[in-house]
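Residue numbers (this note's numbering), protein chains in the order written: chain A, 28 to 316; chain B, 971 to 1288; chain C, 62 to 487. Take a look at the structure below.
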Amino acid sequence: MTAWSLARKANRKRTDAIQKFVIYLILIAGAVIVLFPFLWTFSTSLKTPDQVYQIPPQMIPDPADPLNYARVLVDRPFARWMLNSLFVVVVSTVGTLLSCSLAAFAFSRLRWPLRDKLFLVLLATMMLPTQVTLIPTFILFKELGWINTYFPITLPAWFARNAFYVFLLRQFFMTIPLDLDDAARMDGASHLQVYWRIILPMSKPALGVAALMFAQFKWREFLAPLIYLNRTDSLTAAVGLRTFMDETHGTDWELMMAANIMFMLPVVIVFFFTQRYMIQGVVITGVKG
Amino acid sequence: MIRGAKRAPAAIRHGLNFRLTYKQSEALSGILMAAPWILGFLFFVAGPMIASLYLAMTRWDLFTPPRFLGLDNFHALLTDDNTFWLSFRVTTLYAVFSVPIQIAVGLALAQMLNQKIRLLGMFRSVYYLPSVLSGVSIAIMFRWIFGTQYGLLNGALKLLGIDPISWLGDPSIVLFSFILMSVWGSGANMLIYLGALQSVPTELYEAAEVDGAGSFRKFFKITVPMITPVIFFTLVNGIILSLQEFQTPFILTNGGPANASLFIVLYLYRNAFQWFKMGYASAIAWIIFFYVLVLSLLVLRSSKAWVYYEGSLKGRGE
Amino acid sequence: MHKLSRRDFLKYSSLSAFGAMVATSPWSTLAQDAVTLRLTAWGNPTEVQAREATLALYDEMQDAIDIEFIHTPGSEYMTKLQTQLAGGDYPDVMFLGNGAIEPFVARGQLLALDDYLARDNFDTSDISQQNLKLYNVDGVQYGFPVDAPNQQLFYNKTLFDAAGIDTPAADWEDESWNWDAFLEKAIALTDHEAGIWGWQVKTGFRAWWIWVTANGGTFFNDEGTECVLNSPAAVEALQFLADLIHVHEVAPPLDVASEMGSGELFQSGVTAMETWWPAIGRMRTNIADKFEWNVAPHPAGAAGKSTSGGGTGHTVSAFTQQPDESWEFLKFLISTPCVSLWTDIMGIVPPLTSVAESDVFLKPGEPPADILVFTKGNDYLRPDPRHPQFTQAQQIAQSQLERLWVGGVTAQEVCDDAVAEINRLL
């Protein structure tokens, strides 16, 4: 009996080891595929214009020209654009998390009239291509005097404008057992308290995922800031990045790529340092099914 | 007070005392908590959507007043516009393949990156990296990857002794290349699944292990069923996003060669902002809208059969 | 040369930084009652430099008008501009591609300049007349050109020398430089082993329009009621180009061309000849000393030589609140000092004859040696067809022709299909 279970354990250990090895192999191969284009981007960001147009292409530019980064920062107000983006991202992410999680709670854990019909409406708002609501929305914001301000790209976030995140959080909330709510209600907690004291703390990974995805979406958002911001100084980085590209007069790839590296660096750093907290933080608190 | 209230009509009683039944207070909380979204919808979203529906029934060149046409735009699109149907087919094919692939790859990545391995944070970051790039950077990057002579992909194939493939220049291959490219975006799904995996109770796995279940069985019998609400989300969301794909084909191929990558929103965009046909473009948008809506409703309907809600209100008197 | 351009860059950026400081200091607005005009334009970093330098110059020259520059990425410029206009948020001065002039005029968006031209007795004789006409609809002037970008044939002289063949004639009247001579050279230059191509078939409209018009073909009939791209002359020209890819194999297949965005092959030294619009400044920087290059007209077809082009111009919104000031600013933009500065930074072909004859443009000692090909080519310019449905018709032709470039069909077939589809539109 013991011998048999020991053998089984050893066997399990061996298959585990093989499995781990295969996983590492896949992960490393995938990582190389994913990373290579980024290395290429980085390599291009260090080239001189004539090196960019060299065939066969050079992987390691010789001589390298780190001045491209300085030019992006000095010639164009790229640092300023990144700060603008940071402002927009922070303000609208807080708003989105609050308003969307409230709505998601209402849609997933409370019963109220028209709830399911309104949820369909909510889904439907994501289904119309934005290109055709662009002009009516522009007119609306113009009447409000919001052109050339950050209101059009931050304030709607406080009203759960991005239905995507209501939907996402609703789905996450639905994986949490309802008994928890009932128990808390029994102890006299209000619905708002259930939301704030039970569901939100239990949904840290979900909120983390939503925050990160929204922040990253907002960081990259292009169309709305393009339309509503006019002053060069007030542009966001995603729009500023596109100004390096020009089909008529040609793109300065080396500058574009240097800007690109700087554009994605903050997000990668934030992700790297938060993913552990966000994804593993909750295992400790655990969900007692 | 209570005695008096008992005699008064129910509506007045509630109005006077603010003492609501449990059901009513739940309803009130629900409406109040959804209020920000409801207000935002009424204020920011509903108006422009109605306006575009009206415009879909007009001829509008953006600058001179719209002329009402009734359903003519829809009629022309559905019966007399080959390019529309071509783009419809291209987009549908793309969605049919890219959505399941993104879900599968995302799930596989999440599963692999949800265990104790070395450099976990680094691997997670690397796989999330593509999602960080702006749409235009991805398009530019893929111009290098898919290049025929000096492209990275063909370079790799050359090492394996395979002849160069014309990824973006061959009408019969270009859509496949776009599907391949969509795998790149699986990092976002990975992140969502990673988040969802955290709420799968560990007891379930322990119990399964006692029963001698291997990793594959655990994955398909426990992990997948437990996160179906989130898989459902990525499915619906994937359909919505893939049918509205625009940025990458716009930058990378501009619909070519020979319209083989003419995604439907790209066709819409041309009508709206290049050909002064905003009314027609709005009609296209509303056809996409109904198409996505019908597909989503089908998924929603089917979800009752395969999505498992731990926190479901169903069966609680609903 | 590289050093020099970097010094220029520093000079202009410090100049513009100074300009920005002055513009943003509180005193500048207190000191005078300046009118602010909103100028909307796109442009890459070099063009922004040129923009800022010319605006700084304008700021030095006068105090009455301030310019607010709205810079929009090029690929989405029209989306933003049309949204602004449709929403009633009108800029004063707009940078517009010449293709947008007619549709904008037809929809009442542009201010007619004729009264101002007459009032100031404004002399337009220095402006290249062919390019000025692009901003004229039915005899009414709506704007001025920024450049005169006619497409010419660029060639890699180093590759010609290596193959031991004569370079194409720079003289527009030299009829011996015809399609046969062209094919002969393209074949001689192509070296598949070394990855060198004699030619590149560019898919853009203006690239093949040169060949169609050189052969006597057109796009629409005179009345504009029918597309005639399937006429023998046009079909022959397009088949000739397709054969360069599939029969003679002197031009790379379509996908190789799209690799880094077409046009970058020439700068990489992979193609010996190529159609280019005159981004001369960029070409100097990007090619640097990798090889020697020069320009020539495209070879003569059955109807002689031809070139295509268009370019961008400055126009005034019909809804501007400051038409007088906008006109003043427009006059500055087409003035010799402004055009000189612009030409110097951008390295484009200027729309003013006086500047085109000056060293600011000619830059003696720098390539291309036969730079006069550009200005002399103005007389051979065959502009894009003018038709309300042209943008969409061109897109249809474009998609059909891509089938031809990919191969397996004849020019006659794709042209017939394109014509059928376009005529349904008309």
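Idealized CB from N, CA, C, for every residue including glycine.
Neighbour-count burial assignment, phenylalanine 1014 of chain B, 16 or more Cβ in a 10 Å radius: Sixteen is the threshold: when 16 or more other Cβ atoms of the shown chains lie within 10 Å of the Cβ of phenylalanine 1014 of chain B, as they do, the residue is buried.
Assigned secondary structure, tryptophan 1137 of chain B (DSSP; H/G/I helix, E/B strand, else coil): coil
Delimiting residues of the alpha helix (DSSP H) encompassing tyrosine 1163 of chain B: 1156 to 1167
One or two residues paired with tryptophan 223 of chain A in a DSSP bridge: Looking at the DSSP assignment, tryptophan 223 of chain A forms no beta bridge with any residue, so it has no partner.
Closest Cα partner of serine 1273 of chain B within the set B/Ser1252, B/Phe1203, B/Tyr1250, B/Tyr1261: Measuring from the Cα of serine 1273 of chain B, the nearest candidate turns out to be B/Phe1203.
Euclidean distance between Cα positions of glutamine 994 of chain B and leucine 1267 of chain B: 29 Å
Top-ranked residue by Cα proximity to alanine 1065 of chain B, from B/Gln1119, B/Gly1208, B/Thr1223: B/Gly1208
Contact list for the region 119 to 144 of chain C against chain B, Cβ threshold 8 Å: Ser136, Met139, Thr140, Gln143
Counterpart residues of alanine 357 of chain C in DSSP-defined beta bridges: C/Leu214
For methionine 155 of chain C, the residue or residues it bridges with in DSSP: C/Thr101, C/Thr376
Alpha carbon of glutamine 85 of chain A to alpha carbon of isoleucine 248 of chain C, nearest angstrom: 29 Å
Proximal residues to histidine 448 of chain C (C-beta, below 6 Å), its chain only, five neighbours per side dropped: Phe281, Gly285
Alpha-carbon spacing of proline 412 of chain C relative to isoleucine 1110 of chain B, whole angstroms: 33 Å
Asparagine 355 of chain C vs tyrosine 216 of chain C beta-carbon contact at 7 Å: yes
Phenylalanine 165 of chain A versus tyrosine 1239 of chain B - alpha carbon distance: Computed Cα separation, rounded: 17 Å.
Range covered by the alpha helix (DSSP H) that runs through aspartate 1031 of chain B: From DSSP, aspartate 1031 of chain B is part of no alpha helix (DSSP H); its letter is neither H nor E.
Contact list for the region 259 to 283 of chain C against chain B, Cβ threshold 9 Å: Thr264
Secondary structure of arginine 103 of chain A, DSSP reduced to three states: For arginine 103 of chain A, the secondary structure class from DSSP, reduced to helix, strand or coil, is coil.
Exposed unless 16 or more other CB atoms sit within 10 angstroms - verdict on glutamate 108 of chain C: buried
Residues near lysine 366 of chain C in its chain [Cβ-Cβ closer than 7 Å; skip 5 each side]: Trp233, Ala275, Pro358, His359, Tyr441
Beta-carbon spacing of leucine 157 of chain C, phenylalanine 390 of chain C below 7 Å: Result no, Cβ atoms of leucine 157 of chain C and phenylalanine 390 of chain C do not sit closer than 7 Å.
Pairwise C-alpha distance: methionine 272 of chain A and isoleucine 82 of chain A: Cα to Cα, isoleucine 82 of chain A sits roughly 21 Å from methionine 272 of chain A.
Spatial neighbours of serine 70 of chain A in its chain, beta-carbon cut-off 7 Å, leaving aside the 5 residues before and after: If we look at serine 70 of chain A and ignore the five residues flanking it on each side, its Cβ neighbours are Met86, Ile87, Pro88.
Contact list for isoleucine 278 of chain A against chain C, beta-carbon separation under 7 Å: At residue 278 of chain A the sequence reads threonine, which differs from the isoleucine that was named. Those are Asn105, listed as they occur along chain C.
Whole-angstrom C-beta distance between alanine 187 of chain A and serine 126 of chain A, which should lie under 8 Å: Indeed they touch by this definition, with Cβ atoms about 4 Å apart.
Neighbourhood of alanine 233 of chain A by C-beta, 7 Å cutoff - its chain only, sequence neighbours within 5 removed: Leu196, Phe199
Contact with chain C by arginine 224 of chain A, beta-carbon distance below 7 Å: no
Residues of its chain near tyrosine 138 of chain C, where Cβ-Cβ distance is below 6 Å and the 5 sequence neighbours each way are ignored: Once the five neighbours on either side are set aside, the close Cβ partners of tyrosine 138 of chain C are Trp103.
Residue interval of the beta strand (DSSP E) (run including histidine 132 of chain C): 126 to 132
DSSP-derived helix/strand/coil call for isoleucine 45 of chain A: helix
For asparagine 484 of chain C and cysteine 288 of chain C, the rounded distance between their alpha carbons: 6 Å
Contact under 7 Å by Cβ, serine 1156 of chain B with glutamine 1081 of chain B: Taking 7 Å as the Cβ cut-off, serine 1156 of chain B and glutamine 1081 of chain B do not qualify as a contacting pair.
Closest residue to alanine 1046 of chain B among B/Leu1263, B/Thr1028, B/Pro1100 (Cα-Cα distance): B/Thr1028
Backbone CA spacing between methionine 82 of chain C and arginine 103 of chain A [nearest angstrom]: Low confidence applies here, because methionine 82 of chain C scores a pLDDT of 40, under 50, leaving its location unreliable; read the following figure in that light. Their Cα atoms are separated by approximately 15 Å.
Span separating the alpha-carbon of glycine 1131 of chain B from that of valine 308 of chain C: Valine 308 of chain C has its alpha-carbon roughly 27 Å from the corresponding atom of glycine 1131 of chain B.
Against chain C: residues of the region 233 to 262 of chain A by CB proximity under 7 Å: Leu253, Ile254, Asn257, Thr259
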